[in-house]
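Note that the working numbering has the sequence shown beginning at 716, numbered continuously upward.
Even for Gly, the Cβ is constructed at its ideal location relative to N, Cα and C.
Below: the structure, in C-alpha coordinates.
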Amino acid sequence: MKYRILGRKDGSTQDMVLLVEGGWDIVGDLGMNATEIEELSVAMAGRLVQMLRQRDFEGYVLFAGDATPHVFTPAADFIYLAARLRRLGRN
(Lines of atoms letter the chains of each structure in order from A and count residues from 1; the text may use other names and numbers.)
(Lines give C-alpha, C1' and ligand atoms only; values in the text may rest on other atoms or scores of the structure.)
Protein backbone atom coordinates (compact mmCIF):
# COMPACT_ATOMS: atom_id res chain seq x y z
CA MET A 1 0.00 0.00 0.00
CA LYS A 2 1.37 3.36 -0.97
CA TYR A 3 1.37 6.43 1.25
CA ARG A 4 2.44 10.06 1.14
CA ILE A 5 3.53 12.20 4.08
CA LEU A 6 3.07 15.95 3.79
CA GLY A 7 4.19 18.43 6.39
CA ARG A 8 5.99 21.55 7.57
CA LYS A 9 7.79 22.78 10.67
CA ASP A 10 5.36 23.16 13.57
CA GLY A 11 3.93 26.67 13.76
CA SER A 12 4.96 27.59 10.23
CA THR A 13 2.51 29.40 7.98
CA GLN A 14 4.02 27.80 4.87
CA ASP A 15 1.98 25.35 2.80
CA MET A 16 2.34 21.65 3.55
CA VAL A 17 4.83 20.04 1.18
CA LEU A 18 5.43 16.44 0.17
CA LEU A 19 8.12 15.04 2.47
CA VAL A 20 7.97 11.29 1.81
CA GLU A 21 6.38 8.87 -0.65
CA GLY A 22 6.48 5.23 0.32
CA GLY A 23 4.89 1.85 -0.10
CA TRP A 24 5.04 -0.76 -2.80
CA ASP A 25 3.48 -2.12 -5.90
CA ILE A 26 3.37 -5.83 -5.14
CA VAL A 27 4.01 -7.80 -8.33
CA GLY A 28 4.88 -11.25 -7.04
CA ASP A 29 3.65 -13.70 -4.42
CA LEU A 30 5.26 -12.66 -1.15
CA GLY A 31 3.22 -15.08 0.91
CA MET A 32 1.55 -12.07 2.57
CA ASN A 33 -2.10 -11.16 2.48
CA ALA A 34 -3.42 -7.63 1.88
CA THR A 35 -3.90 -6.99 5.60
CA GLU A 36 -0.29 -7.89 6.39
CA ILE A 37 0.96 -5.60 3.62
CA GLU A 38 -1.28 -2.79 4.88
CA GLU A 39 -0.04 -3.24 8.46
CA LEU A 40 3.57 -3.10 7.28
CA SER A 41 2.93 0.08 5.28
CA VAL A 42 1.16 1.74 8.23
CA ALA A 43 4.04 0.75 10.54
CA MET A 44 6.64 2.17 8.14
CA ALA A 45 4.69 5.42 7.75
CA GLY A 46 4.36 5.53 11.53
CA ARG A 47 8.11 5.24 12.02
CA LEU A 48 8.75 8.05 9.54
CA VAL A 49 6.13 10.24 11.24
CA GLN A 50 7.75 9.53 14.62
CA MET A 51 11.07 10.82 13.27
CA LEU A 52 9.39 13.93 11.84
CA ARG A 53 7.55 14.61 15.11
CA GLN A 54 10.85 14.44 16.99
CA ARG A 55 12.10 17.17 14.63
CA ASP A 56 9.06 19.41 15.32
CA PHE A 57 7.13 18.74 12.13
CA GLU A 58 3.36 18.75 11.78
CA GLY A 59 1.46 17.33 8.86
CA TYR A 60 -0.61 14.45 7.65
CA VAL A 61 -0.40 11.03 6.02
CA LEU A 62 -2.43 10.03 2.96
CA PHE A 63 -2.84 6.32 2.24
CA ALA A 64 -3.75 4.95 -1.20
CA GLY A 65 -7.50 4.60 -1.60
CA ASP A 66 -8.23 6.76 1.46
CA ALA A 67 -8.80 10.50 0.97
CA THR A 68 -8.74 11.18 4.72
CA PRO A 69 -5.70 13.19 5.87
CA HIS A 70 -4.38 11.44 8.99
CA VAL A 71 -3.00 14.38 10.97
CA PHE A 72 0.06 14.40 13.21
CA THR A 73 1.76 17.08 15.32
CA PRO A 74 4.88 17.06 17.46
CA ALA A 75 2.59 16.25 20.41
CA ALA A 76 0.27 13.70 18.75
CA ASP A 77 0.73 10.74 16.42
CA PHE A 78 -1.61 9.99 13.51
CA ILE A 79 -4.30 7.33 13.81
CA TYR A 80 -5.18 5.12 10.85
CA LEU A 81 -8.56 3.83 11.96
CA ALA A 82 -9.21 1.69 8.86
CA ALA A 83 -6.31 -0.64 9.71
CA ARG A 84 -7.41 -0.92 13.33
CA LEU A 85 -10.95 -1.83 12.34
CA ARG A 86 -9.72 -4.50 9.92
CA ARG A 87 -7.57 -6.03 12.67
CA LEU A 88 -10.69 -6.21 14.82
CA GLY A 89 -12.74 -7.66 11.95
CA ARG A 90 -15.06 -4.64 11.75
CA ASN A 91 -14.55 -3.52 8.15
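Practice task
Say whether the region 748 to 755 touches the region 724 to 735, bearing in mind that this needs 3 or more beta-carbon pairs closer than 8 Å, one atom from each stretch.
Solution key: A contact between stretches requires three or more CB pairs, one per stretch, nearer than 8 Å, and the region 748 to 755 fails this requirement with the region 724 to 735.
Handout entry: For S727 and V735, the rounded distance between their alpha carbons
Key = Roughly 19 Å separates the two Cα atoms.
Practice task
Could you name each continuous beta strand (DSSP E) segment of 3 residues or more that falls completely within the region 718 to 756, going from the start of the chain to the end?
Solution key: Runs of the beta strand (DSSP E) inside the region 718 to 756: 718 to 724, 732 to 737.
Practice task
Please classify A779: is it buried, with 16 or more other beta-carbons within 10 angstroms of its beta-carbon, or exposed?
Solution key: With a 10 Å radius around the Cβ and a threshold of 16 neighbouring Cβ atoms, A779 comes out exposed.
Problem - Where the beta strand (DSSP E) containing A782 begins and where it ends - result: Where A782 is concerned, the enclosing beta strand (DSSP E) stretches over 781 to 787.
Problem - L763 versus V786 - alpha carbon distance - result: Rounded to whole angstroms, the separation of the alpha carbons of V786 and L763 is 13 Å.
Practice task
Determine the direct distance from the alpha carbon of G746 to that of R723, and round the result to whole angstroms.
Solution key: Each residue's alpha carbon lies about 37 Å from the other.
Problem - For A791: DSSP bridge partner residues - result: The bridge partners DSSP lists for A791 are T788.
Handout entry: Spatial neighbours of P784 in its chain, beta-carbon cut-off 7 Å, leaving aside the 5 residues before and after
Key = Answer for P784: Y775, L777, listed in chain order.
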